[in-house]
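Residue numbers (the numbering used here): 1178 to 1677.
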């Protein structure tokens, strides 16, 4: 009996040692390359506080960035997988632009079988990304945006109706801006009226909420996909929102069939996808199934809706706290609109220089996407260093940390649009401002997102002003459970009519 107990004890000890070795065997990866970084822990790597929901990924990377201010690169681990965080401006420029071919993939793990909508332009590997990106780019040119501008104005009229209903109230402007951007994406991407501003039961709005819902199921899905992809491969199917998937696939299929049947041509995103499906040779013979088409529309919807929505509400938050900036912006809006009898025009928006500075300062302080992710597709040695990495190594750029670094943006917590004067921009490295990314794989919809947000801001500030109220979280507490930068307590401010 005693012998059996000893055998069991030996087995337990052996298994424990084996498990510990398995979980820590790779923890010498960065040390052997003389790359400094935080000390990893078994199972967690260096991401314990992220996995336990104490930090968002963006906040964690900023923390690491701040802890190693003089290091050109920092070594971290997701469980036992090494990730290189780049701080050096020249190295960042090298992987995003000069040596882009060696870092063409984002390295985002997704299971197309479980989540067909994740096979979109943001995630796709180089083979499918390159031809699709090339052919979809014309949809987002300034000329195409000018053609679509009237659609944004129609949505802005609905926004004006909604704002009048909350006049004098303390409201969560995240909900208002989310409804507006849902409507604009619905009409510009799908050619459909989402009616999120005027219909409380809007299906589009309901689906938009579900994408970024911080439910336990969504949190588990995100954590497993990011930190335990091998497990997600097998159980991910149980965490997928099939209703969400079916909604976007069905609406894509129905819209395509309706346009074909009625010979409708709007020269928009769906029309371009339809043309590419009919001529697969234009996209290297990629089969554009209904699901793959739906995935491209899905990312347009999600990226355009959430990032622009966040930027609009974050900007209103700062204006509510910084009255001098607010009043100066409203004055510019009044002066520009007076040239066209109060009517918003494409050229008028483009002429508002201070509005552009305010927009840039908003996404500087609150970049919706807090990091850029790349994966090496070739063995690579970073120029000017002895650091070499093998194929398949993740390389991340901590946007949130860089854009709040006093080295590039003095007094970074202050909201100062003049950081984006021509003189100020020339005084810092190009790579210090990366809210839309940089290089061939930058944000394809940057022009659209910028214009969409500006239209919303102009429409609101034309006849209304904003200020803080009792429910305003002036500290902007960051939600640790969201992938994008998001406030935990909403953005409550008071909106009321005031003539400029």
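The beta-carbon is built from N, C-alpha and C at its ideal position, and this holds for glycine as well.
*So what does residue 1642 bridge to, in DSSP terms?*
1673
*Can you tell which of 1351, 1374 and 1308 has the C-alpha that lies nearest to the C-alpha of residue 1333?*
1374
_For the alpha helix (DSSP H) containing residue 1492, name the first residue and the last one._
1485–1498
_Exposure label - residue 1572; buried when at least 16 CB within 10 Å_ = buried
_Closest to residue 1639 by C-alpha separation, out of 1235, 1631 and 1271, would be which residue?_
1631
*Is residue 1443 buried or exposed, if buried means 16 or more other CB atoms sit within 10 Å of its CB?*
Under this definition residue 1443 is an exposed residue.
*asked:* Among the candidates 1381, 1294, 1339 and 1431, whose CA atom is the shortest distance from the CA of residue 1417?
replied: 1294
*Whole angstroms is fine: what's the gap from residue 1616's alpha carbon to residue 1342's?*
43 angstroms
*Is it true that the CB of residue 1547 sits closer than 8 angstroms to the CB of residue 1576?*
The answer is yes: Cβ separation under 8 angstroms.
*Determine the DSSP secondary structure at residue 1529, reduced to helix, strand or coil.*
coil
*Could you tell me whether the stretch 1214–1229 touches the stretch 1245–1259, where touching means 3 or more Cβ pairs closer than 8 angstroms?*
Cβ pair count under 8 angstroms is three or more, so yes.
*Roughly how many angstroms separate the alpha carbons of residue 1655 and residue 1237, rounded to a whole number?*
Straight-line spacing of the CA atoms in residue 1655 and residue 1237 works out to 11 angstroms.
*Which residue's Cα is closest to the Cα of residue 1434: 1423, 1376, 1482 and 1467?*
1467
*With DSSP as the reference, please indicate the residues paired to residue 1411 in a beta bridge.*
According to DSSP, which records beta bridges pairwise, residue 1411 is partnered with nothing at all.
_Sequence-distant residues of the same chain with beta carbon closer than 7 angstroms to residue 1325, five excluded per side_ = 1365
*Among all the DSSP beta bridges, which residues are the ones paired with residue 1347?*
Within the DSSP bridge table, the entry for residue 1347 names 1671 as partners.
_Minimum length 3: unbroken beta strand (DSSP E) runs contained in the stretch 1598–1658_ = Fully enclosed beta strand (DSSP E) runs of 3 or longer: 1641–1645.
*Just tell me which of 1393, 1368 and 1363 has its CA closest to the CA of residue 1380.*
1363
*Measure the Cβ-Cβ separation of residue 1691 and residue 1457 and say whether it is below 8 angstroms.*
Since the first and last residues shown for the chain are 1178 and 1677, residue 1691 lies out of range.
*Closest Cα partner of residue 1527 within the set 1297, 1308, 1323 and 1542*: 1323
_Opening and closing residue of the alpha helix (DSSP H) in which residue 1450 lies_ = 1446–1455
*Under the DSSP definition of a beta bridge, which residues are partnered with residue 1571?*
Checking the DSSP bridge columns, you'll see residue 1571 partnered with 1260 and 1552.
*Could you spell out where the alpha helix (DSSP H) holding residue 1254 opens and where it closes?*
Segment 1250–1255 is the beta strand (DSSP E) holding residue 1254; no alpha helix (DSSP H) there.
*Member of 1492, 1523 and 1541 whose CA lies at the smallest distance from the CA of residue 1613*: 1541
*asked:* Does residue 1218 come out as helix, strand or coil in the three-state DSSP assignment?
replied: strand
*asked:* My assumption, with CB atoms under 8 angstroms, is that residue 1554 sits in contact with residue 1568. Please give the rounded CB distance.
replied: 6 angstroms
*Could you check the C-alpha separation between residue 1289 and residue 1296 for me, to the nearest Å?*
6 angstroms
*When you compare only the Cα positions, how much space is there between residue 1663 and residue 1395?*
Distance between the alpha carbons of residue 1663 and residue 1395: 15 angstroms.
*Measure the Cβ-Cβ separation of residue 1726 and residue 1657 and say whether it is below 8 angstroms.*
There is no way to answer for residue 1726, as the model of the chain reaches only from 1178 to 1677.
_With three or more C-beta pairs closer than 8 angstroms as the rule, is the stretch 1305–1313 touching the stretch 1423–1437?_
no
_Coil, strand or helix - residue 1246 by DSSP_ = coil
*Is the distance from the Cβ of residue 1317 to the Cβ of residue 1597 below 8 angstroms?*
no
*asked:* Using the three-state DSSP reduction, which class does residue 1557 fall into: helix, strand or coil?
replied: strand
*Where does residue 1544 fall in DSSP's three states?*
coil
*Helix, strand or coil for residue 1285, going by three-state DSSP, please let me know.*
coil
*For the stretch 1465–1485 and the stretch 1417–1426, state whether three or more C-beta atom pairs, one from each stretch, are separated by less than 8 angstroms.*
yes
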